[in-house]
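Read through the structure below, which is laid out as structure tokens, and then see the notes.
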Amino acid sequence: MFTTEVKVKTLPVREWLDRYCFPGKFLDACKACPDYGRVWSCPPGVPEAEALLGSYRTVYLVGVKVYYSQAALARALRSPEETEAVRQETYGVAKKALLEALLALEKLCPGATTVAAGRCEQCDDCTRTRGLPCRKPERMRYSFSAFGFDLTALAREQLDIDLLWADRGLPPYNAALAAFLTR
377 MFTTEVKVKT LPVREWLDRY CFPGKFLDAC KACPDYGRVW SCPPGVPEAE
427 ALLGSYRTVY LVGVKVYYSQ AALARALRSP EETEAVRQET YGVAKKALLE
477 ALLALEKLCP GATTVAAGRC EQCDDCTRTR GLPCRKPERM RYSFSAFGFD
527 LTALAREQLD IDLLWADRGL PPYNAALAAF LTR
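Here you go:
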């Protein structure tokens, strides 16, 4: 149903933050997202990238391209519900596997941290909507979008990945971008 391709690039954290992090530039897009203020990994109220990530030395950017089979692309064209089902069965699986691998790597590299590919999906129902603390703070990771990273430029310039969208169905591939930071 899908195949993957993984790309990794190493950068100094200072260069990464200076070239690709623009906290105010993408805030309107965050405000338009249905997760805004409803998921602990999303704004408002997330730490500033500089404050949380600025003390790290090296960032390992990880891009996972999820290529859809022709059967998956055809199925996704049936309805918006089928599109989402295929996306969860493919891209969703790859994105979760990427996070699990990076969380396991954190345990091997004390002091390391991860920036996740997309919003936190650790719980079916985030406690933020009820004003309660996160149930799994040891697993929750902020996303690139929460910090205001220019994902389009980052993916293209550092990983040679173009981010694709489709008006209907799915594009030929989707990309999950994450980062692993070490001191």
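Residue numbers (my numbering): 377 to 559. C-beta atoms are modelled at their ideal positions from N, C-alpha and C, and glycine is treated no differently. Keep in mind the model is a prediction, meaning the values are calculated, not measured.
Check                                                                                                       : Outcome
Rounded C-alpha distance that separates Pro548 from Val438                                                  : 19 angstroms
Rounded C-alpha distance that separates Glu476 from Met516                                                  : 11 angstroms
Spatially closest choice to Phe525 from Thr379, Lys383, Val389 and Val382, by CA coordinates                : Val389
Simplified DSSP state of Ser468, which is helix, strand or coil                                             : Correcting the residue identity first, residue 468 is Gly in this sequence and not Ser. Helix at Gly468.
Rounded C-alpha distance that separates Ala450 from Val462                                                  : 10 angstroms
Ser417 - DSSP class collapsed to helix/strand/coil                                                          : coil
Straight-line Cα distance separating Ala470 from Gln464                                                     : 9 angstroms
Best match in Val384, Glu381 and Glu426 for proximity to Ala522 [C-alpha to C-alpha]                        : Glu426
Val389 - containing alpha helix (DSSP H), residue span                                                      : Val389 to Tyr396
Cα-Cα separation, Glu497 to Ser417                                                                          : 9 angstroms
Close Cβ partners of Gly413 (< 7 angstroms) along its chain, the five nearest in sequence each way excluded : Pro420
Proximity to Pro410 [Cα-Cα], best of Asp394, Arg495, Ala447 and Glu458                                      : Arg495
Extent of the continuous beta strand (DSSP E) to which Thr503 belongs                                       : Where Thr503 is concerned, there is no enclosing beta strand (DSSP E), given that its DSSP letter is neither H nor E.
Nearest-angstrom beta carbon gap, Gln534 and Lys441 [assumed within contact, 8 angstroms]                   : Not really, about 14 angstroms apart at Cβ, beyond 8 angstroms.
DSSP state of Ser431 mapped onto helix, strand, coil                                                        : coil
Reduced DSSP category for Leu479 - H, G, I as helix; E, B as strand; rest coil                              : helix
Collapsed DSSP secondary structure at Glu368 in the structure displayed                                     : Because the chain spans 377 through 559 in this model, residue 368 falls outside it and cannot be assessed.
Of the listed residues Leu546, Cys485, Cys510 and Leu387, nearest to Val422 (C-alpha basis)                 : Cys510
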